[in-house]
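Engineer: Chains B and S, in that order, give the protein sequences. With my numbering, the residue at position 211 of the first sequence is 194, and numbering never jumps. With my numbering, the residue at position 168 of the second sequence is 151, and numbering never jumps.
There are 2 protein chains.
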Amino acid sequence: MQTSQRTDQQRATERRRKELLEAADRVVLRDGPEASMNAIAAEAGITKPILYRHFGDKNGLYRALAKRHTDALLASLRTALDSADARRDRVEATLDAYLTAIEARPQVYRFLMHPTEQESSDTEKGFDAGRQSAPLLRRLGEELARIIAERLDLGPGGDELARVWGHGIVGMMHAAGDWWLGERPCSREQLVRHLADLLWGRLAAAADMPGGPGL
Amino acid sequence: MQTSQRTDQQRATERRRKELLEAADRVVLRDGPEASMNAIAAEAGITKPILYRHFGDKNGLYRALAKRHTDALLASLRTALDSADARRDRVEATLDAYLTAIEARPQVYRFLMHPTEQESSDTEKGFDAGRQSAPLLRRLGEELARIIAERLDLGPGGDELARVWGHGIVGMMHAAGDWWLGERPCSREQLVRHLADLLWGRLAAAADMPGGPGL
DNA sequence: CGGTAGGTGTTACCGTTAGTAACAATGGCA
DNA sequence: TGCCATTGTTACTAACGGTAACACCTACCG
Chain B
-16 MQTSQRTDQQ RATERRRKEL LEAADRVVLR DGPEASMNAI AAEAGITKPI LYRHFGDKNG
44 LYRALAKRHT DALLASLRTA LDSADARRDR VEATLDAYLT AIEARPQVYR FLMHPTEQES
104 SDTEKGFDAG RQSAPLLRRL GEELARIIAE RLDLGPGGDE LARVWGHGIV GMMHAAGDWW
164 LGERPCSREQ LVRHLADLLW GRLAAAADMP GGPGL
Chain S
-16 MQTSQRTDQQ RATERRRKEL LEAADRVVLR DGPEASMNAI AAEAGITKPI LYRHFGDKNG
44 LYRALAKRHT DALLASLRTA LDSADARRDR VEATLDAYLT AIEARPQVYR FLMHPTEQES
104 SDTEKGFDAG RQSAPLLRRL GEELARIIAE RLDLGPGGDE LARVWGHGIV GMMHAAGDWW
164 LGERPCSREQ LVRHLADLLW GRLAAAADMP GGPGL
């Protein structure tokens, strides 16, 4: 029968694709995000054209690779967001989940943050001003925005507000996490508390330094 | 006299360097951050090796180029931070200054956010986990941290807190700005207000959506 | 049985890139 | 005049992403 055979072929192809992705994963995690297609092909025991047949181009391979890791990270963040009872605890748990992930596997983090300049397709060749951030950040931002809009009563225009906050919070988490991972100026728990304090309006409530120009 | 002559030479060299930087600027702003060294040399009316003599490698040129724009942006942000009287107005003015800058010259913004993988030098070849962000963001974060630590009375451990907040706020501004620049979901003024609301603790104060699981 | 279609795999190449070696010309200075 | 530094060139290397052309195997189908 043609269909069942076709299905067998497809499964074999998918299995092969998965093997190639795992080889690529090993290389990227060993050599960093700039790993060459030659190196990946060699790790998989084959040569370049096969990679190109499976993934189209380097971006295709990297997008497939990033999707796996991004899905995993997103799942753990969603779990954290549903964990505790108090809002502050949930926010802290989510921040902590993100920081724990990037701390545990910095190479994965480094790869995911690498801008892969996903195909522009619709933009008219030249200047897409935005889209500078890694796709991971965009996805996290949108996801968080959805959750905020669903769970918080923000009144009229709440959806727009939720999206701004989603991207803003993710950006805060990312930048602080990146800096923290490089310099390790404090414990993870303390960083989480500091960031939650910021979100809880402590910046607005703090007193001016006596004698200064104030902020 | 040897010293004065040496000074003349140095000045000539610096002027030449400046000319080359201006040519590079034109090309990068026209062709994007991936402009080739050949293209830059051609724009300057010379050939590659001269560029390499002046700037060492591509990163050297790009770092020199980025410094000028970063200095300019930082100056305008500092001005905004000293503008109004109320803290909320200052924060809004600063956010607005940043967003105005990236809106007015998105090519410059795009170039500055391009990760230039500045020389690692001290890290032992392979894994610097952090340092993923563009140098511009690090610098903005450190600068903001300094100002916060100087002007706010945050009690013991305030310096550490200020640094976390500095990088966190800059990251928030960057991610939200990048998303906004790409999708233009609202006016600049509204984005500024939304972000300031976030920093003013409105996330913590918002009511749960009635009937939902809450956040 | 032989043909044909589709998948896997190869070698050998292309165009472009960052970066370099080797050499020529200019101009001030002893 | 001879020396030295600087500016400039041409011509190259090594590596990269990507592709064309071809060989092989296997399975279905007349």
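Ideal placement from N, C-alpha and C gives every residue a C-beta, glycine not left out.
(1) Which partner residues of Ala190(S) appear in the DSSP bridge assignment?
(2) Report yes if the C-beta distance between Trp183(S) and Arg36(S) is below 8 Å; otherwise report no.
(3) Since Gly151(B) meets chain S, which of its residues come closer than 7 Å, beta carbon to beta carbon?
(4) Which one of Ile131(S), Asp180(S), Arg(-6)(S) and Gly15(S) has the shortest CA to CA distance from Met96(S)?
(5) Might you give, ordered along the chain, the residues of its own chain that have their beta carbon closer than 8 Å to the beta carbon of Arg122(B), omitting 5 neighbours on each side?
(6) Among Pro196(B), Trp148(B), Asp65(B) and Thr(-4)(B), which residue has its Cα nearest to the Cα of Asp136(S)?
(7) Nearest to Val175(B) by alpha carbon, out of Ala187(B), Ala158(B) and Asp191(B)?
(8) Exposed or buried, what is Ser103(S) when buried is set at 16 or more other beta-carbons lying within 10 Å of its beta-carbon?
(9) Mind reading off the beta-carbon distance from Arg93(B) to Gln115(S)? Whole number of angstroms is fine, and I expect it under 8 Å.
(10) Would you report the Cα separation of Leu120(B) and Ala80(B), rounded to the nearest angstrom?
(11) At least one CB of chain S closer than 8 Å to the CB of Ser116(B): is that the case?
(12) Is DSSP giving Arg(-2)(B) helix, strand or coil here?
(13) Do the CB positions of Ala7(S) and Ile23(S) come within less than 8 Å of each other?
(14) Is Arg129(B) close to chain S? Criterion is C-beta to C-beta, closer than 8 Å.
(15) Cβ of Ala190(S) less than 8 Å from any chain B Cβ?
(16) How far does the alpha helix (DSSP H) with Thr62(B) in it extend, from its first residue to its last?
(17) Helix, strand or coil, according to DSSP, for Ala179(S) in the structure here?
(18) Taking CB distances under 8 Å as the criterion, tell me whether Asp72(S) reaches chain B.
(19) I'd like the list of long-range same chain contacts for Arg146(S), defined as Cβ closer than 6 Å, with 5 residues on each side in sequence excluded.
(20) Using the beta-carbon count (16 or more within 10 Å), is Ile131(S) buried or exposed?
Structural biologist: In short, the structure shows the following:
(1) Asp136(B)
(2) no
(3) Met155, Ala158, Ala159, Leu178 and Leu181
(4) Gly15(S)
(5) Thr53 and Leu57
(6) Pro196(B)
(7) Ala158(B)
(8) Unreliable placement is indicated for Ser103(S), whose pLDDT of 48 sits below 50; the coordinate value is still reported in the next sentence. When all chains shown are included, Ser103(S) counts as exposed.
(9) 6 Å
(10) 15 Å
(11) yes
(12) helix
(13) yes
(14) no
(15) yes
(16) Lys41 to Leu64
(17) helix
(18) no
(19) Ala128
(20) buried
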